[in-house]
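Engineer: Attaching a single structure in structure tokens format; questions to follow.
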Amino acid sequence: TDQSLIRNFCIIAHIDHGKSTVADRILQLSGIVPEREMHDRFLDRMDIEQERGITIKSQAVRVPWTFDGTEYTLGMIDTPGHVDFTYEVSRALAACEGAVLLVDATQGIEAQTLSNLYMAIDHDLAIIPVLNKIDLPSAEPEKHAEEIAGLIGCEPSEVLRVSGKTGEGVADLLDQIVMDVPAPHGDPEAPARALIFDSVYDSYRGIVTYIRMEDGELHSREKVHMMGIGMTHEPIEIGVISPDMTPTKALGAGEVGYIITGAKDVSQSKVGDTLTSAVRPASDPLPGYRDPKPMVYSGLFPVDNAQFPELREALDKLKLNDAALVYTPETSVALGFGFRCGFLGLLHMEIVSERLSREFGLDLIQTAPNVTYEVTGEDGTVHHVTNPSEFPEGKIKRIVEPMVAADIILPKEFIGAVMDLCQENRGQMGTMEYISTDRVEMHYRMPLAEIVFDFFDQLKSRTKGYASLDYHEDGEQSADLVKVDILIQGDRVDAFSAIVHRDKAYSYGVMMTKKLRELIPRQQFEIPIQAAIGSRIIARETIRALRKDVLAKCYGGDITRKRKLLEKQKAGKKRMKMLGHVEVPQEAFIAALSTD
Ligand code: GTP
11 TDQSLIRNFC IIAHIDHGKS TVADRILQLS GIVPEREMHD RFLDRMDIEQ
61 ERGITIKSQA VRVPWTFDGT EYTLGMIDTP GHVDFTYEVS RALAACEGAV
111 LLVDATQGIE AQTLSNLYMA IDHDLAIIPV LNKIDLPSAE PEKHAEEIAG
161 LIGCEPSEVL RVSGKTGEGV ADLLDQIVMD VPAPHGDPEA PARALIFDSV
211 YDSYRGIVTY IRMEDGELHS REKVHMMGIG MTHEPIEIGV ISPDMTPTKA
261 LGAGEVGYII TGAKDVSQSK VGDTLTSAVR PASDPLPGYR DPKPMVYSGL
311 FPVDNAQFPE LREALDKLKL NDAALVYTPE TSVALGFGFR CGFLGLLHME
361 IVSERLSREF GLDLIQTAPN VTYEVTGEDG TVHHVTNPSE FPEGKIKRIV
411 EPMVAADIIL PKEFIGAVMD LCQENRGQMG TMEYISTDRV EMHYRMPLAE
461 IVFDFFDQLK SRTKGYASLD YHEDGEQSAD LVKVDILIQG DRVDAFSAIV
511 HRDKAYSYGV MMTKKLRELI PRQQFEIPIQ AAIGSRIIAR ETIRALRKDV
561 LAKCYGGDIT RKRKLLEKQK AGKKRMKMLG HVEVPQEAFI AALSTD
């Protein structure tokens, strides 16, 4: 394809502003998806994406569009919208020359609208501002066009208005893309260089890698080399998606397409890597290769320990498609065998655990999320602690925790509530700007550990759902943190240990001991439940003793009835875990570890 007739663009939007709906409408309008095959959200193929209404993996579709009598080839790249997948968003943006900035006309600019916009500006993309959902009676296009114009420095009249639902304005949007998005300008004669902006595992085809050709041409029979990880692969097929996989003989400069190789899992074909020809390799890779780095860790344990091998198998399968997921076996005194897993963020964690239970039928207990702390002991040894059990005993010289820069957009009446919340979570306030007369953007620097706990839910509930949050890594900082242990009848229960700020240690201790007192049934002896920092007890509850005489209810000598009762009691015991002499019901672990 002649590069001057190519336009590569992506749609960037805050979650739920209608990106997938508009993308579907574009496919339909271009005629590549027949009306009768058009089902909602054609681009989101994974079930879980459909159900949760979020896009996890980006995809790229080739869409023909005729403007002024000339047929253009549009490459539409779908980007994930959530903070956890920022790196994937940034790679998808790097594969484009333009971005459609989509804003819900009933909501206006939100936190991820801004983070995505700033990333698009960083990549020098042409920005096409668009208001979506103008069919809704509650849409306020005038007000929000003003907001957007103020943000990107255009006239409010230049902000397009569309409805993904009715299709209104979408054809104009495509015309605008042809006019405003620059054509690619790679060197067609140079050695082939392509950016990998997505890589997915398909059970039929193996690894499907999405690439954007920068320079040169790639032929279907040419061996390819991944410059970052240094692996060479034999191509099985190359092609374009329109809207299904269509094999082609070659991909030229500026084109977006896919390549299928013999790669075993996505870590052999990584997002951000540069793909070149093994026969005539490029000398320098494209900028931007980075290994995904887990930010949040948590333990996953099968409720039934016999399911441990199945859990391992399931994680291995998920890993095929998820280079960011890491896991190592872990043993817990209380929970048995499981895995310590690392995730990009909370959403990533939720998705993984939900897929494990839904797609693999696993019943799991998940321990509280933990960030990575750098703990220096008195002898100067540095420990990287991703699990409270790795917290060194004895005197600690210094603890450093990861920080994030958080941007929060909210209606001004909630400023006070959000300031309180951020303060409670050790946030340091930065600047605050009005983005319109009634909404502000606040900037905070905060420990990631606080965000990971239940900050987002709190933010939503304290602002009636009106605030939006975005955050990114922002170095680290030393903090006064301690490990709080929970002891049942004097024995430490590893699953309940937590690393918390000293100011919150007491309230964590009180909360956990109270919770456990209610969750653990009375037994034939008294059970003390304590919270401790080192050997110092900071909270205590007691479960009083009880003599449970099940046979007392059988007055007569009916032996069958007695036996039945005894059997019932035995069955009940199966669901119990023994901690020392104390029986703790499985549910107590699950309930005690949940944040609600
Ligand atoms: P992610 O891809 O998961 O980031 O979300 P999204 O931005 O793609 O949002 P999606 O397309 O799933 O739309 C969110 C909701 O808004 C859905 O319930 C859509 O039906 C609805 N929606 C999208 N566009 C319009 C529109 O133009 N009008 C109306 N009335 N509803 C719309």
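When you line the sequence shown up against the UniProt record's numbering, it's residues 11 to 606, in that order.
Each residue gets a CB set at the ideal place from its N, CA and C atoms; glycine is no exception.
1) Between the Cα of G163 and the Cα atoms of I138, D145, I144, which residue gives the shortest distance?
2) Quick check on this structure: which residue in P379, L39, A155 has the alpha carbon closest to the alpha carbon of N397?
3) Would you tell me roughly how many angstroms separate the C-alpha atoms of D185 and T80, rounded to the nearest one?
4) Name the DSSP beta bridge partners of T219, please?
5) Along the chain, where does the beta strand (DSSP E) that runs through F349 open and close?
6) Could you tell me if the beta carbon of S173 falls within a distance shorter than 7 Å of some heavy atom in ligand 1?
7) Measuring CB atoms only, is the segment 145-153 touching the segment 229-241, in the sense that at least three cross pairs come out at less than 8 Å?
8) Between the Cα of A549 and the Cα atoms of I498, Q533, Q534, M588, which residue gives the shortest distance?
9) Taking the alpha helix (DSSP H) that S287 falls in, what are its first and last residues?
10) Quick check on the DSSP output: the beta strand (DSSP E) that includes A109 runs from which residue to which?
11) List the whole-angstrom C-beta distance separating L420 from A459, where the pair is believed to meet the contact cut-off of C-beta under 8 Å.
12) Roughly how many whole angstroms lie between the Cα atoms of S100 and A130?
13) Going by DSSP, what residue range makes up the alpha helix (DSSP H) through T123?
14) Given this structure, state the Cα-to-Cα distance separating K29 from I543, to the nearest angstrom.
15) Determine the burial state of H27: buried for a count of at least 16 other Cβ atoms within 10 Å of its Cβ, exposed for fewer.
16) Mind checking which residues open and close the beta strand (DSSP E) that includes D480?
17) Buried or exposed for P74, please, with buried defined as at least 16 other CB atoms from any protein chain shown within 10 angstroms of its CB.
18) Going straight from the alpha carbon of G63 to that of I25, what length do you get?
19) Determine the closest residue to R365 out of H243, T441, L328, G352, with distance taken between C-alpha atoms.
20) By a C-beta neighbour count over all protein chains shown, 10 Å radius and 16 as the cutoff for buried, is V392 buried or exposed?
21) Just to confirm, are V276 and S209 a CB contact at a threshold of 8 Å?
22) Quick test of the definition: if touching needs 3 or more C-beta pairs under 8 Å, does the segment 502-518 touch the segment 328-348?
23) What are the uninterrupted segments assigned as beta strand (DSSP E) that are 3 or more residues long and contained completely in the segment 422-510, given in chain order?
24) Among the candidates A159, P253, A263, M236, whose CA atom is the shortest distance from the CA of D197?
25) Give me the residue from E156, E423, D464 with the minimum Cα distance to M452.
26) Give me the Cα-Cα distance between E156 and G267, rounded to the nearest whole angstrom.
27) Can you tell me whether D26 sits near ligand 1, meaning its C-beta is under 7 Å from at least one heavy atom of the ligand?
28) What's the C-alpha gap between K583 and Q438?
29) For ligand 1, is there any heavy atom lying closer than 7 Å to the beta carbon of N380?
30) As a quick exercise: from A416, D225, D212, G390, pick the residue whose alpha carbon is nearest that of R408.
31) Is the separation between the beta-carbon of I16 and that of E199 shorter than 8 Å?
32) Out of E107, K153, Y128, A102, state which residue places its alpha-carbon closest to the alpha-carbon of T116.
33) Following the continuous alpha helix (DSSP H) through E360, name the residue where it begins and the one where it ends.
34) Using a Cβ-based criterion (distance less than 7 Å to any ligand heavy atom), does A23 qualify as near ligand 1?
35) What do you reckon, is the C-beta of L146 under 7 Å from a heavy atom of ligand 1?
36) Could you work out which residue in I547, Y299, T377, L372 is closest to G240 when comparing CA atoms only?
Structural biologist: Reading it off the structure:
1) I138
2) P379
3) 11 Å
4) S209, I269
5) 346-353
6) yes
7) no
8) I498
9) S287 -> not in any alpha helix (DSSP H); beta strand (DSSP E) instead, spanning 284-287.
10) 108-114
11) Not confirmed; about 23 Å, so no contact.
12) 8 Å
13) 121-132
14) 49 Å
15) buried
16) 478-488
17) exposed
18) Only weak support is given to the placement of G63: the predicted model assigns it a pLDDT of 44, under 50, and the value that follows is read from those uncertain coordinates. Going by the C-alpha atoms only, they are around 9 Å apart.
19) L328
20) exposed
21) yes
22) yes
23) 438-444, 449-457, 478-488, 491-498
24) A263
25) E423
26) 37 Å
27) yes
28) Because the pLDDT of K583 is 49, which lies under 50, any placement of that residue in the model is unreliable, and the number read from its coordinates should be weighed accordingly. When rounded, the distance between both Cα atoms is 49 Å.
29) no
30) G390
31) no
32) K153
33) 356-370
34) yes
35) yes
36) Y299
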